[in-house]
Amino acid sequence: MRAQNMASATTAAEVQAFAVFFLLRVGGGSNEGCSESADAYARAQQNVMLTATNTVALQDQAQINHVYGDDDYGYLEGVKKDHIKWPSHPTFEKEGTHGYDSYGECGVPSATRFHMPDNGNGVYWYSFDTGLAHHAVVSSEHEFARGSPLYNWLVNDLKSVDRSKTPWVFLYIHRPLYCSVAYSGDYYRSLLFRDELEQELADYHVDIVFAGHYHSYERTCPVFGDRCIESPSGKAMAPVHLMVGSGGYQVDDAGFYRSRWREQGFLEHGYGRVHIYNSTHLHFEFVSNAERRVKDEAWIVSTHDWPSKRERYPPGYFPPQEIAGFGAAVMLASLATYAVLVPAIRRARNTKYTPVQPIQFSK
């Protein structure tokens, strides 16, 4: 993902350069102790609106994807706390992980108040085109295994993309497929997503996977099968995973474990900006709320034609995190065995042997 010369031939479609802003909402006004999260988010909204109005044009207006994370729109009481009312910018909502709280009641506001493109399953999965990009939005809280309605819809949607009109393809999902935040439970959940979806995302040349869930920001290299895959010139040969879940970052205090595919990550409030310049060059920025500046950026250069049907793991390859997890499990089992057996052995050794006196029978 290196910056390259952009003075290449362009088509008529490529002159429609545009930008997409990503605000992934994952913290509420007083939820989980984050009292200042709502104010920080409101300030970020204002900053994005001002920037978009002055510098970005897409059919005379900026395109903003408003992707909610752990808190639904209903939790924020809708318009009461919608500080800027999103007057002219289309807003697309994505279901988070608390929609099924209170036996599903928390998901009712988002399911009934938002009307998404009628080509999927309401607010839970749908797709749309803007400029040079096709956007597919899916829920991470529904069955996603092969053969499920969500899986079948996603594959059919990706098959139908006209890459001559929308060369860039983005997928949005709440839970990430790649994340190095040190939470073991969610890490193993991410492996399940990879097992079911990663092959298809690579085969249909999805360029970026946007996620939230974790209260942090992280950017990967073009990654497939736990390995970075780029051409010698730096051209992406696999999807890039961008986790922009920075709202409510104070909730999580876990750091990042070491991984070969992680390129950058921060624990702070912020949002993402994507600038698409033509069919092959895209520029991503992560903006820090507190510092009000771009804190991470990367060029993604791709011709969207990497080989399909590649093996996720070459013969004999085993992901290092899997090895570490297996080693940790063995160590914990050994410690548990030691904790149980050693005291038992010691008690047995300390027990004094008292011989049983023979019974005397009278003649």
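In UniProt numbering, the protein residues as written are 1 to 363.
Just so you know, even glycine gets a beta-carbon here, dropped at the ideal spot from N, CA and C.
Asked	Found
So residue 222 is in the beta strand (DSSP E); what residue range does that whole segment cover?	217–224
Count the other CB atoms, across all protein chains shown, that sit within 10 Å of the CB of residue 343; report buried if there are 16 or more and exposed otherwise.	exposed
Between which two residues does the alpha helix (DSSP H) carrying residue 199 extend?	199–203
Could you say which of 249, 264 and 205 lies nearest to residue 238 if we only look at CA atoms?	205
Can you tell which of 302, 261, 246 and 156 has its C-alpha closest to the C-alpha of residue 277?	302
Once the 5 residues before and after residue 207 are set aside, which same chain residues still bring their CB inside 8 Å of it?	168, 169, 170, 236, 239, 240, 282, 300, 302 and 304
Does DSSP put residue 186 in a helix, in a strand, or in coil?	helix
Span of the alpha helix (DSSP H) holding residue 309?	Unbroken run through residue 309: none, as it is neither H nor E.
Give the list of continuous beta strand (DSSP E) stretches no shorter than 3 residues that lie fully inside the region 120–183.	126–130, 133–137 and 168–172
DSSP beta-bridge partners for residue 297?	285
Output needed for residue 120: all residues of its chain with C-beta closer than 7 Å, excluding positions within five of it in sequence on either side, in chain order.	126, 127 and 153
Run through the DSSP bridge pairs and tell me what residue 243 is partnered with.	211 and 218
If we call anything under 8 Å between Cβ atoms a contact, is residue 221 one with residue 285?	no
Applying the criterion that 16 or more other CB atoms from any shown protein chain within 10 Å of the CB defines a buried residue, is residue 145 buried or exposed?	exposed
Identify which residue in 151, 330 and 134 has its Cα closest to the Cα of residue 199.	151
Can you have a look at residue 247 and say buried or exposed, based on whether 16 or more other CB atoms are within 10 angstroms of its CB?	buried
Going by DSSP, what residue range makes up the beta strand (DSSP E) through residue 263?	262–266
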